[in-house]
Each structure stands twice: as structure tokens, then as C-alpha cells.
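S.K.: Residue numbers (my numbering), protein chains in the order written: chain A, 24 to 462; chain B, 3 to 236; chain C, 15 to 346.
For every residue, glycine included, the Cβ atom is placed at its ideal position computed from N, Cα and C.
Input: one structure, supplied below.
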């Protein structure tokens with residue numbers, strides 16, 4: 024097992040070297056930064072799916088939350104907003120939301136005052152409607168005012184690393200709410216529910232222009248390390264500035280990944296990890312042994328989402344732009360799933376390997392498939408069939424097809440992934456290959 | 003020739019075998035009753051005949067043909083029918099549709115069989131358009147047996163047909179079992195109400211720990227003091 | 015009374031159109047769920063695929079110089095539905111059946127169906143490009159305007175030819191499905207298997223055959239729904255992927271596995287969407303003079319940008335309040 028993992032990682036290293044030789048160092052360092060961020064995200068999903076057996080098809084939503092969080096924290100302060108009526112209006116929105124929440128909570132407690140079930144239900148519905156109206160009556164004018172006067176609320180001008188942490192915190196909060204609502208559901212419902220929630224998050228971030236500038240995008244989002252432009256100002260050459268700046272960024276990201284990996288490996292080897300596996304494999308038995316299954320599942324869902332949120336924040340800082348239109352379920356949800364499935368659900372090293380490997384293959388496949396199709400088109404032309412129209416945009420779609428094919432083939436032929444889960448049994452030092460999880 | 007023959011059958015659910023080599027033989031004229039303590043492998047024996055679990059040793063044959071580990075879609079056309087103990091009706095379908103489903107393998111006109119089943123269980127005729135899920139336990143058991151008879155089986159396997167029924171319904175079901183047998187259908191059933199069932203059994207099998215302990219006619223088993231003491235509660 | 019006409023056009027007609035499409039899609043999903051117990055995520059793309067098959071066949075027919083009094087898409091639809099059904103069967107054989115044979119969990123099948131989704135999307139974009147197409151290139155969409163000469167209304171009720179076809183064919187499809195499920199031997203076997211798969215097997219029902227029939231029906235209905243949607247709006251590769259969530263919402267609202275529930279769920283979701291983005295302030299216009307100043311001009315329940323989220327909010331409420339769907343208990 025260990026030997027297999029080592030040779031796979033060695034292969035990955037060679038692949039990166041080959042890419043570096045052909046594509047140049049600046050490109051390769053950029054690739055590595057993004058691949059490292061994706062491996063963090065894959066770790067997060069691996070915790071949820073591989074450890075907890077929880078379905079999260081809303082990865083995209085959490086990435087967007089992380090991206091928004093770091094933008095909000097690290098962008099410079101927008102004085103137009105703070106010197107306008109905006110903060111006061113937002114304070115009123117907050118007040119309205121508080122009043123609404125109070126109404127709903129009051130209605131939820133109505134049965135304690137002896138209201139009949141029917142009255143209770145009616146009051147709850149009424150409270151929700153009233154709360155919604157109160158909130159809308161404040162937010163609509165506030166949003167219109169801010170967009171007209173200040174563009175958007177701007178950032179807080181705080182350090183980027185704080186923004187990454189806030190990305191994790193915000194993702195945790197949202198994951199907690201989703202977990203409370205959805206984790207009791209059967210797995211297929213949870214899958215649909217998480218897809219839906221990520222679509223709602225996308226709709227919100229895309230349309231709340233007063234907060235996120237929506238499709239107008241926010242840039243440039245700051246870096247935690249000097250940017251290439253900063254180095255160039257100090258007199259460094261262009262190529263070297265890219266390598267050093269991105270290299271510094273890469274080191275920061277790798278440090279984050281290593282710290283996270285260390286923490287979850289330790290947690291997973293301990294009683295917490297054993298309990299998680301017990302819940303995943305047989306939650307009824309685990310519940311009968313007095314484990315609070317739902318609370319543990321929420322815990323794991325929140326924890327995984329934190330990593331996904333941080334990963335999303337890292338990606339957004341690195342690309343220097345928050346563009347809600349750029350998020351697609353294919354790239355930001357399903358690709359991550361392929362990483363975890365191919366890498367090996369339940370094994371952190373598998374998830375990291377899958378994250379880096381699949382991301383590199385995915386990124387390079389754009390060039391490869393375009394080259395392939397352009398030459399194919401040329402061949403058709405020379406045979407007198409005529410060139411393929413829109414060959415550039417079409418060739419990219421080949422990748423989507425291959426992605427789908429990889430999912431179905433991996434499920435069929437290597438359901439446990441390239442580096443499968445290793446189960447250390449109690450009192451059994453020898454590691455055993457996991458029994459198939461009937462994946 | 004024996005209708006069904008179990009020869010040293012071993013079977014289980016994947017772990018340790020539950021049946022550790024049992025023998026049984028039923029003729030078309032027989033009512034076979036399997037009794038024994040809980041966990042003796044009574045239901046397992048029936049399921050091993052009907053291909054619902056893996057037979058790991060020995061042989062099951064039906065009319066001389068080897069049907070070890072054959073699946074229901076082969077067994078039903080051969081003339082076997084099985085009435086499970088639980089979840090034995092389609093609750094969202096009408097009584098009539100339940101019976102039709104029993105005749106799925108038949109491509110001929112089965113209205114005669116349908117009529118004969120309504121004659122056998124008059125309460126069902128009144129409720130033929132009602133959903134089976136709305137019926138009482140005893141009526142459901144009638145639907146389940148009727149469904150199994152629609153394929154015109156030669157051998158009917160019944161898994162605890164009287165479970166959860168009132169004594170009145172139990173006697174009614176047993177009466178029908180005897181009648182079905184009189185019409186030329188072999189019966190093999192598992193029963194908890196051992197005394198009542200052995201009273202009309204032509205063959206009784208006492209199982210314990212996945213093995214045959216006593217075999218004989220129902221009368222012989224009832225009269226055997228050791229069987230009575232150990233398995234029939236004195 | 016122009017305001018009322020506006021309400022009919024924007025809510026009643028749009029809701030019916032949207033509801034029929036959702037209903038046809040949700041029935042397919044619910045049938046597959048009932049028989050195979052997994053959420054078939056690729057259903058939306060089977061709809062898109064069906065629409066493209068129809069489009070290709072219609073183009074071929076036009077190229078052959080075939081002229082018909084109805085849109086060519088309708089003429090070739092039966093053939094397209096047959097082809098789509100065969101493709102659905104092929105997808106099952108190629109990608110789902112091997113997993114089932116291994117005894118894979120429903121969750122694995124769900125992930126596999128996402129793989130199938132990506133494959134269909136990739137292939138469609140590869141061969142057809144990413145642009146929008148219209149079934150009505152060259153010919154104009156026929157628009158019906160019905161004047162309502164009452165109460166001083168001057169605006170007509172407006173609907174288009176494909177919308178009429180859609181409602182008609184949706185009714186036909188639902189009736190045909192109803193007859194199949196309640197009258198035919200195989201249809202009853204399908205209900206039996208959805209009700210209790212073990213007992214169906216014990217009864218000697220050929221469950222493999224039932225599975226094949228389920229895919230044929232699901233493929234046929236998906237092709238119909240996809241074609242109708244493409245006729246009404248336009249044909250694009252992400253046509254149905256965008257409405258898979260409301261369709262799932264419809265199926266879950268109706269109670270997964272319940273065919274009639276899915277139809278009702280489709281209309282519930284369809285009307286909820288059109289009603290929630292409708293600007294109810296329009297209905298107050300005649301009374302504008304006697305209303306206080308603070309009544310706003312926009313009284314839509316949610317802004318139009320959030321239309322797609324309406325289905326999901328309904329879904330969450332149903333899952334919280336009644337997870338088995340609102341039609342559980344009704345016989346299917």
C-alpha cells in the first residue's frame with residue numbers, strides 16, 4: 024500500500040517536472056498553487072464523503088462563500104460607502120432581520136403558551152411571511168441606495184490570512200445551517216438539497232451587487248505575499264518576479280495544507296476518527312451505542328466545509344478577482360468529486376494526490392484537446408471534408424465528456440480509488456486493505 | 003417421484019451456515035410442516051429452496067431436476083410458489099391486481115383461476131377493488147396465498163402463514179391449506195403453532211441448530227414424548 | 015381588466031407551460047426512482063438529448079423537402095422518441111447495469127448519473143456547438159391572440175402554437191401513462207416492483223424486463239419534454255440541466271416513486287415559480303388613485319433573478335414539513 028502511494032507521488036513529481044520543462048516555470052508554479060488549493064478542497068470533501076459518508080454536491084457554493092469572504096475582508100475600505108447613508112441603512116436592515124427572526128422564534132414557541140397545533144402552524148407561517156416582508160422593505164431601498172451612491176460596500180482592508188480564516192468561518196456557519204436542515208435526510212435528498220443550496224448561494228452572490236458587485240466583479244484582490252507587480256517595481260525581471268511571487272504564495276498554501284493534513288491525520292487515528300467510521304458504516308448501530316449521530320455528522324460536515332471555504336478563499340485571492348459568473352458546477356463541484364473518487368475516498372493522501380493530479384490533467388487537457396482538434400480539423404480540411412467550425416470552443420467540451428467518462432469508469436473498475444482507504448484495526452498493528460465499502 | 007427433495011443442504015446469509023446439512027422430501031400429496039425453536043433455520047430452509055439465499059452445499063431438486071440456487075424467475079414457471087411471512091402483498095395495489103401479479107408468468111386466460119380463488123376466499127371477492135394495504139392481517143394473508151396460487155403451482159411454500167393472526171383466522175387459513183392440498187398441490191410450510199399444524203401434517207420435520215432432529219408423520223411427532231417435551235412445550 | 019388578462023398571460027399560461035414540462039420530467043425521475051431506487055441526475059440531459067434528436071430529424075426532414083401543416087418537429091417526434099428511448103436503454107446497459115450487478119449502493123448510481131450528465135453535455139456541445147438554435151428558423155412561430163370583449167379589456171390573451179401542442183401532448187402522455195400503469199400487464203408489474211421489489215421477484219415477475227421498460231418510458235417522456243421545452247424557448251446544450259433542480263423538486267414534492275404525485279408536483283412548482291415572480295402590484299393599478307402612497311410599485315414575491323431558487327425553497331419546506339412528499343398515501 025505504502026509503496027503504491029509512494030510510487031504514485033513520485034510519478035506526480037515527475038509529471039510536474041515534465042510540465043515545467045515544456046510549459047515554463049511561471050506557468051508551472053501557478054499550476055502548483057492552484058493544484059495545492061484544490062487538494063485542500065479535496066481534503067475537505069474527503070472528510071465529508073470519505074470519512075462521514077455525507078453527500079455534498081454543493082462544493083461550488085462553499086468555494087464562492089470562501090471567495091466572497093476573503094474579498095470582503097481584504098479589499099481596501101470603500102470610503103464612498105462609509106461616508107454615505109449606507110451603513111445606517113444596513114443597520115436598519117440588520118434591525119429588520121432581527122425583528123423578523125424574533126417573530127419567527129416567537130411563533131415557534133407559541134405552543135408553550137398553550138396554542139393549538141393548528142394555531143401554532145398558522146402563526147409560524149404568518150411569522151415567516153411577516154419577517155420576509157419586513158426584511159424586504161428595508162433591504163430593497165438600502166441595496167438600491169448603496170449601488171447608486173457607492174457601488175458596493177467594499178472591503179475591510181484587513182490582512183489576507185484573516186480573510187482565509189473568515190472564509191472558513193463563514194463556510195462553517197452556512198454548513199451548520201444546512202446540516203441542521205438536511206442531514207436527517209436520506210442521501211439522495213441530501214445530494215439534491217446541497218446542489219440546490221449551492222445554486223442559491225450562486226444566485227445571491229451574483230445578484231447582491233451592493234455586497235459583492237455581482238457580475239461587475241471585484242479586483243484586484245490582495246495577496247498575502249508580495250505580488251509579481253510589487254517585485255517588478257523593485258526592479259526584478261518579469262519572468263523571475265512571477266516565479267518568486269507565485270513561489271512564495273505556493274509555500275504559504277503548502278504550509279496550510281500540511282498543517283491541515285497533520286491535524287486531520289491525528290484526529291482520524293484517534294477515537295474521533297473511529298467513531299466517524301462507525302457512524303459511516305452503520306449509523307444505526309452507532310446510534311444504539313449511545314452516539315449522537317446527527318451531532319457528529321453536523322460536526323464533520325462543518326469541518327469539511329471549513330476546508331472547502333478556505334480553499335475557495337485561497338483560489339480567489341490567487342486569481343485576484345471575485346467573479347461570480349466564473350463559477351460552474353462542472354469545474355467547482357464535479358471536478359472535486361472526480362478528485363476524491365479517483366484519488367481514493369477515505370484516504371487523505373489519496374485525496375491530495377487526486378486533487379493535484381486531476382487538476383494538472385484537467386488544466387493541461389485544455390491545450391491538449393485544442394491541439395488535437397485543430398490538427399483533426401486540418402486533416403478533415405485536407406481530405407476535402409471542410410474544417411470543423413468553432414473548433415476552439417468545441418474542443419474544450421471534449422474535456423467535459425472525458426470527465427464524465429472518468430467518473431463512470433472509476434466507479435466501475437476502481438471503486439476505492441488509486442490510494443484506497445486503509446483501516447487500522449484496534450490492537451492490530453498490521454494495516455489491512457479496507458473491505459470494499461460497496462461504493 | 004418426489005416433488006421437491008433437499009439432500010444434505012447447507013445454506014446461510016454469507017457468514018457461518020445456518021443450515022448444516024438437512025434432508026427433506028415432499029410428494030404432491032403431502033402437507034409438510036417444519037417446526038422447531040427460534041433460530042433453528044426453519045425459514046432458511048424454505049428460502050434455500052426458493053433461491054432467496056445462497057446454497058453452499060448439497061442439492062435441491064424439483065421433480066428430479068437440479069434447481070440448486072435457481073432464481074424465482076426460473077422456479078415459478080416450473081411450478082413453485084412462495085408466500086413470504088412479511089410484506090407479502092402489494093399494499094398500493096388492489097386485491098384483484100395483487101392476484102393478477104401472481105399470474106404474471108401466465109400468458110393464457112387466467113380468469114378461471116381468479117374465480118376459484120375468490121370462491122376459496124369469499125371475503126376477498128367483496129374487497130377485490132380495494133387496496134391490499136387497507137385489509138386486515140387475515141385478509142392480507144388470504145391475498146398473499148391467492149397471489150401465490152395464481153401461477154397454478156405444484157408446490158406451495160408458506161412461511162408462517164398464521165403469524166400474528168387471531169385463532170379464528172388461523173384455523174380458517176389451515177382449513178384452506180388442507181383444501182389446497184386436496185386439489186393436488188404439495189405444501190411445505192413453517193409454523194410456530196406446531197401442535198395445530200402437525201395435527202394435519204402428513205410429514206413433519208423438527209429442525210434444531212440447522213439440522214434434522216426428528217422426521218415423521220404429524221401424528222408420530224405429536225405422539226413422540228421426546229418431541230412433545232422438547233419442542234411442543236410438554 | 016387588462017390587468018387580469020396580464021395575470022392570465024403571465025401566470026396561468028406560463029405556469030401551465032412550465033408545469034407540463036416539469037411534470038413530464040418529474041414522472042420519468044419518479045418512475046426510475048420507484049424501480050431502481052436512485053435519483054437519476056442525468057434525466058435533464060436526457061431531455062436535452064431528446065430535443066437534439068428531434069432537431070436533427072426535423073432538419074433532415076426539411077432537407078428532404080417534406081412539408082406538413084404542423085411543425086416538422088411534431089411530425090418526427092414519434093421517431094425521435096423511439097430513438098431517445100433506445101438511447102436511454104443503452105445508457106443503462108453501459109453505465110448503470112454493471113454497477114447494479116455489483117450490488118452498488120444507490121448513492122454510487124447517483125454519482126454515476128452525474129458522470130453520464132457530463133458525458134451527454136460534452137457530446138452535445140462537441141457536435142452541436144454551444145450556440146442557441148431555434149426550431150423556428152425561417153418560419154414564424156404562430157401566435158394565437160384571443161380577444162376578451164368583456165369588462166373593457168383591450169389586450170388579448172396570448173399563447174403560441176408550440177404551447178398548444180405542449181399542453182395537448184402532455185395531456186396525451188399522462189393519459190397514456192395512466193392507461194399503461196393501470197391496464198397493462200407490464201404497467202401493473204412496474205407498479206408492483208415499485209411497491210415491493212422483493213415480492214415482485216418472488217411472484218415470478220421478470221424484473222429485468224420491467225427495468226428495461228422503465229428506461230424506455232423515461233427516455234420517451236424525456237424526449238417529449240425536452241422537445242417541447244426547446245420548441246417553446248430555444249434549443250441549447252444546457253437546456254434541461256438548468257431545470258433539473260425544479261424537476262427534482264417536483265418529484266420530491268409529489269413523493270418520490272409516486273407517478274401522479276410527480277405530475278401534481280410539476281404543476282405546483284411551475285405555478286409557484288410564475289406566481290412568485292409576478293408583480294402583483296399590477297392587479298392594484300385600477301385602484302391606484304384610492305391607495306395610500308406607501309404601496310410600492312413592485313409587489314413581486316421574489317425578484318426575477320431568483321426565480322430558480324423558488325423551486326428549491328419549496329423543496330426545502332416540503333422536506334422539512336413532510337419529507338415523504340405531499341401525496342404520500344395516495345395510491346399510485
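1) What does residue 426 (chain A) touch in chain C if you count any residue whose Cβ is under 9 Å from its own?
2) Is it right to say residue 187 (chain A) is buried, meaning 16 or more other beta carbons lie within 10 angstroms of its own, or is it exposed?
3) Under 9 Å, Cβ to Cβ, is there at least one residue of chain C near residue 114 (chain B)?
4) Applying a beta-carbon distance threshold of less than 9 Å, which residues of chain A neighbour residue 410 (chain C)?
5) Could you round the C-beta distance between residue 86 (chain A) and residue 355 (chain A) to whole angstroms and report it? I think they count as a contact, below 8 Å.
6) According to DSSP, what are the bridge partners of residue 298 (chain A)?
7) DSSP state of residue 344 (chain C), grouped into three classes?
8) Using a Cβ-Cβ distance under 9 Å, would residue 219 (chain C) count as near chain B?
9) Looking at chain C, is there any beta carbon in it that lies within less than 9 Å of the beta carbon of residue 103 (chain A)?
10) Answer yes or no: does any C-beta atom of chain B fall closer than 9 Å to that of residue 191 (chain C)?
11) Compute the Euclidean distance between the alpha carbons of residue 126 (chain A) and residue 150 (chain A), then round it to the nearest angstrom.
12) Quick one: list the residues of chain C neighbouring residue 149 (chain B), beta-carbon separation under 9 Å, in chain order.
13) Using the C-alpha atoms, what's the distance from residue 250 (chain A) back to residue 376 (chain A)?
14) If we cut at 9 Å on Cβ distances, does residue 53 (chain A) have a partner in chain C?
15) Quick check: is the beta carbon of residue 241 (chain C) nearer than 9 Å to any beta carbon in chain A?
16) Give a yes or no on whether the minimum CB-CB distance between residue 32 (chain C) and chain A is below 9 Å.
17) Touch check for the segment 97-115 of chain A and the segment 316-332 of chain A: three-plus C-beta pairs under 8 Å?
18) Rounded to a whole number of angstroms, what is the C-alpha to C-alpha distance between residue 217 (chain B) and residue 26 (chain B)?
19) Examine chain B for any beta-carbon lying closer than 9 Å to the beta-carbon of residue 199 (chain C), and answer yes or no.
20) Any beta carbon of chain B sitting closer than 9 Å to that of residue 205 (chain C)?
21) Going by DSSP, name the residue or residues bridged to residue 172 (chain C).
22) Nearest chain B C-beta to residue 202 (chain C) closer than 9 Å, yes or no?
23) Rounding to the nearest angstrom, what Cα-Cα distance links residue 459 (chain A) and residue 337 (chain A) in this structure?
24) Within the continuous alpha helix (DSSP H) that includes residue 39 (chain C), where are the two ends?
25) Counting only beta-carbon atoms, is residue 319 (chain C) nearer than 9 Å to chain A?
26) Can you tell me whether DSSP reads residue 6 (chain B) as helix, strand or coil?
27) Locate the beta strand (DSSP E) running through residue 61 (chain B), then write down its first and last residues.
28) How long is the line joining the alpha carbons of residue 322 (chain C) and residue 415 (chain A), rounded to whole angstroms?
29) Could you work out which residues of chain C lie near residue 153 (chain B), taking near to mean beta carbons separated by less than 7 Å?
30) Spell out the partners DSSP gives residue 114 (chain A) in its beta bridges.
31) Go through its chain and collect everything with a Cβ distance to residue 305 (chain C)'s Cβ below 7 Å, but skip five positions before and after it.
32) Is residue 314 (chain A) close to chain C, meaning its C-beta is less than 9 Å from at least one C-beta of that chain?
33) Which term fits residue 45 (chain A), buried or exposed, when burial requires 16 or more other beta carbons within 10 angstroms of its beta carbon?
34) Using a beta-carbon distance below 9 Å, is residue 170 (chain A) in contact with chain C?
35) How is residue 315 (chain A) classed by DSSP in three states: helix, strand or coil?
36) To the nearest angstrom, how far is the alpha carbon of residue 359 (chain A) from that of residue 82 (chain A)?
M.R.: Taking the definition as stated:
1) Start at 1 with the first residue of the first chain, and residue 426 (chain A) comes out as number 403. Those within 9 Å of residue 426 (chain A) in chain C are 129, 132, 133 and 136.
2) Against the first chain, residue 187 (chain A) aligns to sequence position 164. Classification for residue 187 (chain A): buried.
3) Reading the second chain from its first residue, position 112 is the one you call residue 114 (chain B). No, its Cβ sits nowhere closer than 9 Å to a Cβ of chain C.
4) As shown, chain C starts at 15 and ends at 346. That puts residue 410 (chain C) outside it, with no answer to give.
5) Position 63 of the first chain holds residue 86 (chain A). Position 332 of the first chain holds residue 355 (chain A). Taking a contact as a CB-CB distance under 8 Å, the pair residue 86 (chain A) and residue 355 (chain A) counts as one, their CB atoms being some 5 Å apart.
6) On the first chain, position 275 is the one that residue 298 (chain A) refers to. Partner(s): none; residue 298 (chain A) has no beta bridge.
7) Taking the third chain and counting its residues from 1, one reaches residue 344 (chain C) at position 330. Note on residue 344 (chain C): pLDDT 37, under 50, position unreliable in the model; no value is reported.
8) By one-based count along the third chain, residue 219 (chain C) stands at place 205. Answer yes: the Cβ-Cβ gap between residue 219 (chain C) and chain B drops below 9 Å somewhere.
9) Position 80 of the first chain, counted from the start, is the residue given in the question as residue 103 (chain A). Taking Cβ atoms only, chain C never reaches closer than 9 Å to residue 103 (chain A), which makes this a no.
10) For the purposes of this step, residue 191 (chain C) is taken as residue 177 along the third chain, with counting starting at 1. Not one chain B Cβ lies under 9 Å of residue 191 (chain C).
11) Counting from 1 along the first chain, the entry for residue 126 (chain A) is found at position 103. Counting from 1 along the first chain, the entry for residue 150 (chain A) is found at position 127. Distance between the alpha carbons of residue 126 (chain A) and residue 150 (chain A) is about 6 Å.
12) To locate residue 149 (chain B), count along the second chain from 1; it is residue 147. Neighbours of residue 149 (chain B) on chain C, chain order: 213 and 217.
13) Looking up residue 376 (chain A) in the first chain gives position 353. Looking up residue 250 (chain A) in the first chain gives position 227. The alpha-carbon atoms of residue 376 (chain A) and residue 250 (chain A) are separated by roughly 28 Å.
14) If you number the first chain from 1, residue 53 (chain A) lands on position 30. No, no contact with chain C.
15) The sequence position of residue 241 (chain C) within the third chain is 227, counting from 1. No, its Cβ sits nowhere closer than 9 Å to a Cβ of chain A.
16) Taking the first residue of the third chain as 1, we reach residue 32 (chain C) at position 18. Residue 32 (chain C) does not count as touching chain A.
17) Flag = no, the segment 97-115 of chain A and the segment 316-332 of chain A do not touch.
18) Here residue 217 (chain B) refers to the residue found at position 215 when the second chain is read from its first residue. Here residue 26 (chain B) refers to the residue found at position 24 when the second chain is read from its first residue. One C-alpha to the other measures close to 9 Å.
19) Translated into the one-based positions of the third chain, residue 199 (chain C) becomes position 185. By this cut-off, residue 199 (chain C) is an interface position.
20) Here residue 205 (chain C) corresponds to residue number 191 of the third chain, with the count starting at 1. Closer than 9 Å: yes.
21) On the third chain, residue 172 (chain C) is found 158 positions in, with the first residue counted as 1. Per DSSP, C:159.
22) Here residue 202 (chain C) refers to the residue found at position 188 when the third chain is read from its first residue. True, the Cβ-Cβ gap to chain B drops below 9 Å.
23) By 1-based counting over the first chain, the position of residue 459 (chain A) is 436. By 1-based counting over the first chain, the position of residue 337 (chain A) is 314. Reliability fails at residue 459 (chain A), whose pLDDT of 42 lies under 50, so the model's placement of it is uncertain and the value that follows must be treated cautiously. Approximately 35 Å between the Cα atoms of the pair.
24) As a working mapping, residue 39 (chain C) is identified with position 25 in the third chain. Per DSSP, the continuous alpha helix (DSSP H) segment holding residue 39 (chain C) begins and ends at 28-50.
25) Along the third chain, read from residue 1 onward, the residue named residue 319 (chain C) stands at position 305. Answer yes: the Cβ-Cβ gap between residue 319 (chain C) and chain A drops below 9 Å somewhere.
26) By one-based count along the second chain, residue 6 (chain B) stands at place 4. For residue 6 (chain B), the three-state secondary structure derived from DSSP is strand.
27) Position 59 of the second chain, counted from the start, is the residue given in the question as residue 61 (chain B). Where residue 61 (chain B) is concerned, the enclosing beta strand (DSSP E) starts and stops at 56-64.
28) For the purposes of this step, residue 322 (chain C) is taken as the residue at position 308 of the third chain. For the purposes of this step, residue 415 (chain A) is taken as the residue at position 392 of the first chain. Residue 415 (chain A) has its alpha-carbon roughly 31 Å from the corresponding atom of residue 322 (chain C).
29) Here the question's residue 153 (chain B) lines up with position 151 in the second chain. Taking a Cβ-Cβ cut-off of 7 Å, the neighbours of residue 153 (chain B) in chain C comprise 218, given in sequence order.
30) Here residue 114 (chain A) refers to the residue found at position 91 of the first chain. Bridge partners of residue 114 (chain A) according to DSSP: none are assigned.
31) Start at 1 with the first residue of the third chain, and residue 305 (chain C) comes out as number 291. Annotation for residue 305 (chain C): 298 place their beta carbon closer than 7 Å to its own, counting only its chain and skipping 5 residues before and after.
32) Locating residue 314 (chain A) in the first chain gives position 291, where the first residue counts as 1. By this cut-off, residue 314 (chain A) is not an interface position.
33) In the first chain, counting from the first residue as 1, residue 45 (chain A) sits at position 22. So residue 45 (chain A) ends up on the exposed side.
34) The residue given as residue 170 (chain A) occupies position 147 in the first chain. Chain C contact via Cβ: absent.
35) In the first chain, counting from the first residue as 1, residue 315 (chain A) sits at position 292. Taken through DSSP and simplified to helix, strand or coil, residue 315 (chain A) comes out as coil.
36) In the first chain, the residue the question calls residue 359 (chain A) occupies position 336. In the first chain, the residue the question calls residue 82 (chain A) occupies position 59. Each residue's Cα considered, the two are about 8 Å apart.
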